[in-house]
Amino acid sequence: MIRIRDGAVSTRPDTLVAEEPLEIRLNGKPLAITMRTPGDDFALAAGFLVSEGVLGDQKELQNIVYCAGATVDGSNTYNIVDVKTAPGVVIPNITLERNVYTTSSCGLCGKASLDAVRTTARWAIDDTCGGDTPPVRLAPELLASLPDRLRAAQRVFDRTGGLHAAALFTEDGELLDIREDVGRHNAVDKLVGRALQNGTLPLSRTVLLVSGRASFELAQKAVMAGIPVLAAVSAPSSLAVDLAAETGLTLVGFLRGASMNVYAGEHRIALRTAAAHG
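Per this note's numbering, residue 6 is the first one in the sequence shown, and the count goes up by one each step.
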C-alpha cells in the first residue's frame, strides 16, 4: 500500500483482516451464507442455530463438518459447513424458510418480518438460578472497566484494526471468552456456539460486551443464550431497547470510560442516586 502521513509518502506492506463467505447447511440443506473472518467456523454455525431457535442443548447437536465434494477435485472446502442435528430434533419452520445471504454487518437481511425475528427463547432471562441465590447486580465501576479489558484481549485487532469483538464476562468481571470477526453478530455467534459445544448454555449470570453498537439482533442473541446483561460501547437501536424491556434483558449503551447509559433492566445495576451523594 501507499502510506501518506503529514505529506510524506511511502510504500509498505499491510496486514488486513480476512473476510470470506461461509455457507451454513442444516442437515445437508443450504440455510444461510454469511461473510465472516475464517476461524471458529463450527462455533459460528452452532451459535447461529442457537439464535435461530434450532439448538439449545449440546445433546441436540450430532456433529458439524466441513463439506467435501464442493470443489472441482472433490476435496474439502473450508467455506461450507454442514450442521447435523441429533435424531428427533424438530426444526422450526422459520429456520427452514430463511435460506438467505447475510453480510458481515447485518445478520438479519432476508427476514420476512419483525415477528419472524422474535424467536421464542428457551430460557427466561433469570439470573437468580433458583433457591436463595441473589440476582446479578453490577457496580457501574465494574462495567466501566470491561471495555479496556476487551480491547487488551483483541489480538487480531492490534494487527489489522478491522475487527469487531464480543466478550463474555462473569458478574465479577472475570473474562470467560472473547471472539473477533468482521461481523459483530458473527463474533457473538462464536461465543454462544462455544458455550453450546461445551454444554454451558444458558449463559446466566454473565455479561456480554460488544465492541460496536447494540442492534436488535445482538439483543436477540443475548436473550436466546440466556444472557442477562448486554453492554455496548456504542448506541443501541430502538428495537434493541424494546426487546430488552420486553424480556428483562439489561441493556447498557455508550459504555465509555466512567460514562454509560442504561436503557433497560436497571434493576441489575447498583445505581447511586443524586440524593446518595448528598
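Built from N, CA and C at the ideal position, the CB exists for glycine as well. Predicted model, so just to flag it, every value in this text is computed and none were measured.
To which residues does DSSP link residue i through a beta bridge?
| i | result |
| --- | --- |
| V212 | F174 and V234 |
| R261 | S264 |
| P241 | A219 |
| L201 | In the DSSP output, where bridge partners are listed per residue, L201 has none listed. |
| L256 | L235 and A269 |
| H169 | D186 |
| M40 | P26 |
| D87 | R30 and V70 |
| P35 | R30 |
| L143 | I274 |
| L180 | F174 |
For residue i, which of the options has the nearest alpha-carbon?
| i | options | result |
| --- | --- | --- |
| V95 | D62, P145 and V86 | D62 |
| L38 | A227, P97, Q202 and F53 | Residue 38 is actually Ile in this sequence, not Leu. Nearest option by C-alpha distance: F53. |
| P145 | V238, T90, D46 and A263 | A263 |
| K89 | A73, M40 and L66 | L66 |
| E57 | M229, L248 and R261 | M229 |
| V197 | A48, R261, A275 and G33 | A48 |
| L260 | S243, S216 and T252 | S216 |
| G204 | M6, K34, P43 and A51 | A51 |
| P43 | G33, L21 and K34 | L21 |
| T211 | L151, M6 and R8 | L151 |
Give me, in chain order, the residues of the same chain whose beta-carbon lies closer than 7 Å to that of residue i; leave out the 5 immediate sequence neighbours on both sides.
| i | result |
| --- | --- |
| L147 | G178 |
| A192 | H169, A170, A171, R184, E185 and D186 |
| A293 | The chain is shown from 6 up to 283; residue 293 falls before or after that span and cannot be answered. |
| D45 | R184 and K195 |
| V246 | L256, Y268 and A269 |
| A227 | L213, L235 and L254 |
| R154 | L180 |
| R199 | A48 and D182 |
| N32 | K89 and T90 |
Using a Cβ-Cβ cutoff of less than 8 Å, which residues in the same chain neighbour residue i once the five nearest sequence positions on both sides are dropped?
| i | result |
| --- | --- |
| R273 | D132, P140, V141, R142, L143, P233, V234 and T255 |
| K64 | A91 |
| L248 | R123, F221, A224, Q225, V228 and L254 |
| S242 | R218, A219, S220 and F221 |
| P12 | First, the amino acid is wrong: residue 12 is Gly here, not Pro. Closer than 8 Å at the Cβ level, and outside the excluded window around G12, lies no residue. |
Suppose the cutoff is 6 Å on Cβ atoms and the five residues either side in sequence are ignored; what does the same chain contact list for residue i look like?
| i | result |
| --- | --- |
| V257 | A236, M265 and V267 |
| L244 | F221 |
Can you give the Cα-Cα distance for residue i and residue j, rounded to whole angstroms?
| i | j | result |
| --- | --- | --- |
| G112 | S239 | Unreliable positioning characterises G112 in this predicted model, as indicated by a pLDDT of 47, which lies under 50. The coordinate reading is nonetheless provided below. Their backbone Cα atoms lie some 18 Å apart in a straight line. |
| L126 | L181 | Strictly speaking, residue 126 in this sequence is Ala, with Leu absent from that position. If I take the Cα positions, the gap works out to 23 Å. |
| R277 | Q159 | 32 Å |
| D19 | R10 | 15 Å |
| E176 | A224 | 18 Å |
| V14 | A23 | 26 Å |
| E25 | P92 | 31 Å |
| P207 | A219 | 20 Å |
| I130 | N98 | 24 Å |
| W128 | T252 | 10 Å |
| K34 | T82 | 16 Å |
| A275 | N68 | 42 Å |
| G231 | L173 | 12 Å |
| N17 | M6 | Note on identity: in this sequence residue 17 is Arg, with Asn being the wrong assignment. Whole-angstrom Cα-Cα distance: 6 Å. |
| N84 | V70 | 11 Å |
| R8 | A149 | 35 Å |
| E271 | G188 | 28 Å |
| T138 | A157 | 32 Å |
Can residue i be considered in contact with the ligand PLP, in the sense that its beta carbon sits closer than 8 Å to one or more heavy atoms?
| i | result |
| --- | --- |
| G270 | In terms of ligand content, the structure shown is empty, and the ligand PLP therefore cannot be addressed. |
To the nearest whole angstrom, what separates the beta carbons of residue i and residue j, a pair I think is in contact under 8 Å?
| i | j | result |
| --- | --- | --- |
| L27 | V86 | 7 Å |
| L201 | V55 | 6 Å |
| R30 | C72 | 7 Å |
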